[in-house]
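Chains as they are written, first to last, in this note's numbering: chain Z, 1 to 259; chain S, 1001 to 1680.
Each residue gets a CB set at the ideal place from its N, CA and C atoms; glycine is no exception.
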Amino acid sequence: MRICVLIKQLPDTGSALKIRADELWVDEDNLVFSANESDSYALEEALLMKEAQGGEVVVVSLGPERVGQVLKDALAKGADRAIHLHDPAWEVLDSLGLARIMAAVLKEEQCDLIFTGLQSDDTGDGQLGPMLAELLDMPHVTLVVETELSDGRIKVKQELEGGWFQYVTAQLPVLLTIQSGINKPRYASLRGIMAMKHKEIKAVGAGDLDLPADQWVAGRTLQRLYVPEKTKETVFLEGSPQEVGAALVDHLVNTAKVF
Amino acid sequence: MLAELATPDGGHTLPIPGLFYAFAFLAIFYFFYNFRRALASRIGRPESRPFRWRSLLPNALYYGVAQRKVTSRRFGYASLTHLFLAWGFMELFFATSVVFLVERDLLTAWLPVKDTPWFAALNELGGLALLLGAAMALVRRHTSLRPDVLPQNSFGGRGSLLGDSGILWVLVLLAVGGFLTEAARLVIEAPASASASFVAYALTGALTAAGWSAVQPWLWWSHAALALTLIALLPQTKLFHSLLAIANAGLTDTRELAQLRPMHIAEMLADPDADPDALVLGAGKVDDFTWKQLLDAQTCTECGRCTEVCPAHAAGLPLSPMKIMQDMRRQLYDQVDGTGDGAALIGPHGISPEELWACTTCRACTDACPVLIDHIPAIIDMRRFLVLSEGKPPEDAAGSLEKTVQQGNPWGFPKEERTQWAADAGLEVPLMKDRESVEVLYWVGCAGAYDPRNQSVTRAMIAIFEAAGVDYAILGREERCTGDAARRMGEENVYETLAHENIATLDKYRFERIVTACPHCFQTLGRDYAQLGGRYEVLHHAEFLQQLMDAGRLPQGALEAGQVTFHDPCYLGRHSGQYDAPRDVIARSVTSGTPLEMAQAREESFCCGAGGGNMWYEVKGTERINLLRFDQALETGADTVATACSFCLIMMDDARKVRGMEETVAVKDIAELVAEGLAG
Chain Z
1 MRICVLIKQL
11 PDTGSALKIR
21 ADELWVDEDN
31 LVFSANESDS
41 YALEEALLMK
51 EAQGGEVVVV
61 SLGPERVGQV
71 LKDALAKGAD
81 RAIHLHDPAW
91 EVLDSLGLAR
101 IMAAVLKEEQ
111 CDLIFTGLQS
121 DDTGDGQLGP
131 MLAELLDMPH
141 VTLVVETELS
151 DGRIKVKQEL
161 EGGWFQYVTA
171 QLPVLLTIQS
181 GINKPRYASL
191 RGIMAMKHKE
201 IKAVGAGDLD
211 LPADQWVAGR
221 TLQRLYVPEK
231 TKETVFLEGS
241 PQEVGAALVD
251 HLVNTAKVF
Chain S
1001 MLAELATPDG
1011 GHTLPIPGLF
1021 YAFAFLAIFY
1031 FFYNFRRALA
1041 SRIGRPESRP
1051 FRWRSLLPNA
1061 LYYGVAQRKV
1071 TSRRFGYASL
1081 THLFLAWGFM
1091 ELFFATSVVF
1101 LVERDLLTAW
1111 LPVKDTPWFA
1121 ALNELGGLAL
1131 LLGAAMALVR
1141 RHTSLRPDVL
1151 PQNSFGGRGS
1161 LLGDSGILWV
1171 LVLLAVGGFL
1181 TEAARLVIEA
1191 PASASASFVA
1201 YALTGALTAA
1211 GWSAVQPWLW
1221 WSHAALALTL
1231 IALLPQTKLF
1241 HSLLAIANAG
1251 LTDTRELAQL
1261 RPMHIAEMLA
1271 DPDADPDALV
1281 LGAGKVDDFT
1291 WKQLLDAQTC
1301 TECGRCTEVC
1311 PAHAAGLPLS
1321 PMKIMQDMRR
1331 QLYDQVDGTG
1341 DGAALIGPHG
1351 ISPEELWACT
1361 TCRACTDACP
1371 VLIDHIPAII
1381 DMRRFLVLSE
1391 GKPPEDAAGS
1401 LEKTVQQGNP
1411 WGFPKEERTQ
1421 WAADAGLEVP
1431 LMKDRESVEV
1441 LYWVGCAGAY
1451 DPRNQSVTRA
1461 MIAIFEAAGV
1471 DYAILGREER
1481 CTGDAARRMG
1491 EENVYETLAH
1501 ENIATLDKYR
1511 FERIVTACPH
1521 CFQTLGRDYA
1531 QLGGRYEVLH
1541 HAEFLQQLMD
1551 AGRLPQGALE
1561 AGQVTFHDPC
1571 YLGRHSGQYD
1581 APRDVIARSV
1591 TSGTPLEMAQ
1601 AREESFCCGA
1611 GGGNMWYEVK
1621 GTERINLLRF
1631 DQALETGADT
1641 VATACSFCLI
1651 MMDDARKVRG
1661 MEETVAVKDI
1671 AELVAEGLAG
């Protein structure tokens, strides 16, 4: 069984972000990068499945040199090999362009399962998974919080709105987008780091793919990136404790809509 | 067989039967045959610590024979008991050897002749001491005096013959038998100095001369048989510790106690032929320890002192340093003897990960151990196995370790904001990169840079530097976590990465010394980095402030802080031996003078609970270590709890909030006391 996991590298959530002068992206100098959170859970789910069922885990990421680090981390945690998609022509992509590139690569891999995080923590589109599944002509399930594999079929628990869940069964091959919290991502041991050095990271550029250049031209362009202005409003509730309590509940339910 | 000789005073000497020599030879042979057990530890790995011939004999004599560390104020009754037992035992061993030689007419020029009064009296004292010691020990074991942690016949693989109390009864029999045999001899041989053997002499009236003559052979043979049997079986009994302790003390370099052995992971990673599956990373099996660590475990006498002083144990966390040693030893003997059920060293039937993670590396156990066992490196070696080999740090700590690599601080705050504390306070702090050379490189540390409570300590230090006119600078954003917590959590790879980066940064600059307010940074910069080639003169701020005061560069005694008590940080006190400097600084900073002492202070100080990486994860106990300690501080009635460590400050401050004492008790770093005195 082959499980392919797509991982995106992005600025670490602890980083102090600065908007670039052209207001089209953040200034990446001196930034610390790490793997997208839900992608880490996707990788762990793949590794757990491999440990239980046997098979191979292939990790794939697209981006500049620095992206090699998330692939190395994944290999150190137990992935078997990695594919690094890297080409100057792919600097600015939208979800569809990215999905077409991924599809061109993964078609050859013949994966039984493809895992991605449910969305990236930078742009938060959540589109790559479903688009890629369509391009590869396979079913997909989003927002997966539990998986159970048996006899070429997979049963997954999918998170719905309002605290609801549903169970979905699908025939392999299938693509799943994984929700954070589905498992506990492991820590890379030194033994794993040493084993990683003997594993393959295959570099793939635009020239290596059977994909016309117009396929990844972005159909969507970013106009301006900015930090929204913070607003804060303090409301003092007055009256007896009962009145204040009632007013607070009313505010939380009807104005702040926390429930 | 010796001829019977008439003595001048009319009695006759008793011959030593020839059969005795045959038995004695067999006993000694069997003793040495049994003694091979001492060599079990050779299955361990070679010792990476350099062997120190110079300290072999002094340490064997001082800590082994003279038992310097057995004597302890805290364990007064047990110390006295052991004093009587051990010295009584040694005196009688010495006396028996002398008598043996004298009877053979050997070395007579050097030895007291037979029936020398003072020698006879000395031997009586030896017998009395043994008897008294054994009686005290039996009382302690079988009354309410018995400490909860003291094991009774839970052998953990050590020599188990006769158990803990059985061996004491054997010593009682040996002493009583000795007195009776001597009494019989006094009656039969009738030496002029008989009354010098005062105990035996007092017993002579119990029987008639004929009666003594009748029982003499029985007394003599039973006493001889018991003594020879004890010699033969000594390595199988608890008394084996007496020999192992002497050997272990001689083989211990006391300067290296509690220091972790370097792993040189950078070299492992650089080696293209390294087989990741074959590398020994930490200790997951008993033969992954060095032979010295295994000898430590063998030497453990199960006195329980380590566990009694352990703060984790006191707070109900699942740690007993003694059990760690017992488990290691059981595994060792199981492997050497081919017994045991093959259960893993770390696992449900051995040492649990929770036990290992509960250790704060406070060093109380090591300092309390009478036989120089080095607990902390053994515990950290097992943590290294869990982290480096198995990839299993404590769940809460994994993120912190990853953040430490990414952002250079265990909180994971942005590395760009490492000097934000200065900007927020409107301070212009000199940076090393702008300076040719300085007198003092001030190491701010992650807590000093990011933790709001400790930022105040950093600002206090800056105010002090300015007031005293110190030529100083900081590294600013070039500074990264020293890796103390990572190292103590067993993450030697992360530690080494940080250490090599910091060493490279420090080596770019010229400075006379490093000063830091964090005892953990003090330990890593001052001692750990030397293992990787980074050698610097490092001063903890307690000593540095004391020096400034000595030089008259700071005003003194100005601050009204009420009564002050001082909490000794483990890495400043026990690990570095600095107890006086912080107290001196306090005494000269506040109007109330010399600080009040808590029930456990100085060498006996009780940890705050955050050391050894425990700042970054939590092992659940029945109580919290920092609350236990804060309550001790409250008992002094002090208005201010002073300390000199970033983590202690956080833990004491947290305890103060939990106890609802924010209005009544202040928690301060000593630098804050000095700086506040400047302002006033």
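Element boundaries [alpha helix (DSSP H), containing residue i]
{"i": "residue 1142 of chain S", "result": "1117-1142"}
{"i": "residue 128 of chain Z", "result": "128-135"}
{"i": "residue 1166 of chain S", "result": "1163-1189"}
{"i": "residue 244 of chain Z", "result": "241-250"}
{"i": "residue 1564 of chain S", "result": "From DSSP, residue 1564 of chain S is part of no alpha helix (DSSP H) but of the beta strand (DSSP E) over 1564-1566."}
{"i": "residue 1216 of chain S", "result": "1209-1233"}
{"i": "residue 1589 of chain S", "result": "1580-1589"}
{"i": "residue 1484 of chain S", "result": "1484-1488"}
Contact with chain S by residue i, beta-carbon distance below 8 Å
{"i": "residue 14 of chain Z", "result": "yes"}
{"i": "residue 20 of chain Z", "result": "no"}
{"i": "residue 49 of chain Z", "result": "no"}
{"i": "residue 230 of chain Z", "result": "no"}
{"i": "residue 249 of chain Z", "result": "no"}
{"i": "residue 194 of chain Z", "result": "yes"}
{"i": "residue 187 of chain Z", "result": "yes"}
{"i": "residue 36 of chain Z", "result": "no"}
{"i": "residue 32 of chain Z", "result": "yes"}
CB contact below 8 Å: residue i versus chain Z
{"i": "residue 1269 of chain S", "result": "yes"}
{"i": "residue 1095 of chain S", "result": "no"}
{"i": "residue 1414 of chain S", "result": "yes"}
{"i": "residue 1400 of chain S", "result": "no"}
{"i": "residue 1433 of chain S", "result": "no"}
{"i": "residue 1392 of chain S", "result": "yes"}
{"i": "residue 1614 of chain S", "result": "no"}
{"i": "residue 1281 of chain S", "result": "yes"}
{"i": "residue 1452 of chain S", "result": "no"}
{"i": "residue 1502 of chain S", "result": "no"}
{"i": "residue 1388 of chain S", "result": "yes"}
{"i": "residue 1403 of chain S", "result": "yes"}
{"i": "residue 1410 of chain S", "result": "no"}
{"i": "residue 1670 of chain S", "result": "no"}
Span of the beta strand (DSSP E), counted from its first residue to its last, around residue i
{"i": "residue 1669 of chain S", "result": "1666-1669"}
{"i": "residue 140 of chain Z", "result": "140-150"}
{"i": "residue 1443 of chain S", "result": "1437-1443"}
Opposing strand residues paired with residue i [DSSP bridges]
{"i": "residue 4 of chain Z", "result": "Z/58, Z/114"}
{"i": "residue 40 of chain Z", "result": "Its beta-bridge partners do not exist; DSSP assigns none."}
{"i": "residue 1100 of chain S", "result": "Answer is none; residue 1100 of chain S lacks a bridge partner."}
{"i": "residue 159 of chain Z", "result": "Z/165"}
{"i": "residue 1311 of chain S", "result": "None; residue 1311 of chain S has no bridge partner."}
{"i": "residue 1472 of chain S", "result": "S/1440"}
{"i": "residue 1515 of chain S", "result": "S/1442, S/1539"}
{"i": "residue 171 of chain Z", "result": "Z/153"}
{"i": "residue 10 of chain Z", "result": "Z/34"}
Margin query: Restricting to runs no shorter than 4 residues, where is the alpha helix (DSSP H) found entirely within the segment 1275-1303 of chain S?
Written below: 1291-1299
Next on the checklist: Could you check whether the segment 1231-1245 of chain S touches the segment 1031-1041 of chain S, counting it as contact only if at least three pairs of C-beta atoms, one from each stretch, sit closer than 8 Å?
Outcome noted: yes
Pair every Cβ in the segment 1539-1559 of chain S with every Cβ in the segment 1473-1481 of chain S, then say whether three or more of these pairs are closer than 8 Å. no
task = Please go through the segment 1603-1655 of chain S and give each complete alpha helix (DSSP H) segment of 4 or more residues, from N-terminal end onward.
result = 1625-1635
**Report entry** Contact the segment 1644-1658 of chain S vs the segment 1566-1577 of chain S: 3+ CB pairs below 8 Å
**Finding:** yes
- request: Quick one: which unbroken alpha helix (DSSP H) runs of 4-plus residues sit fully inside the segment 173-225 of chain Z? Chain order, please.
  value: 190-196
Tell me, please, whether the segment 210-222 of chain Z touches the segment 94-113 of chain Z by the rule of three or more beta-carbon pairs shorter than 8 Å.
yes
May I ask you to verify whether the segment 1356-1373 of chain S touches the segment 1468-1477 of chain S, counting CB pairs closer than 8 Å and requiring at least 3? no
Unbroken beta strand (DSSP E) runs of length 3 or more, entirely within the segment 67-125 of chain Z: which are they? With a minimum length of 3 residues, the continuous beta strand (DSSP E) runs that stay inside the segment 67-125 of chain Z are 81-85, 113-117.
Worksheet item: Can we say the segment 106-125 of chain Z touches the segment 31-51 of chain Z, given the rule of at least three CB pairs closer than 8 Å?
Response: Yes, the segment 106-125 of chain Z is in contact with the segment 31-51 of chain Z.
Members of the segment 42-69 of chain Z near chain A, C-beta cut-off 8 Å
Absence of chain A from the displayed structure is noted, the protein chains being Z and S.
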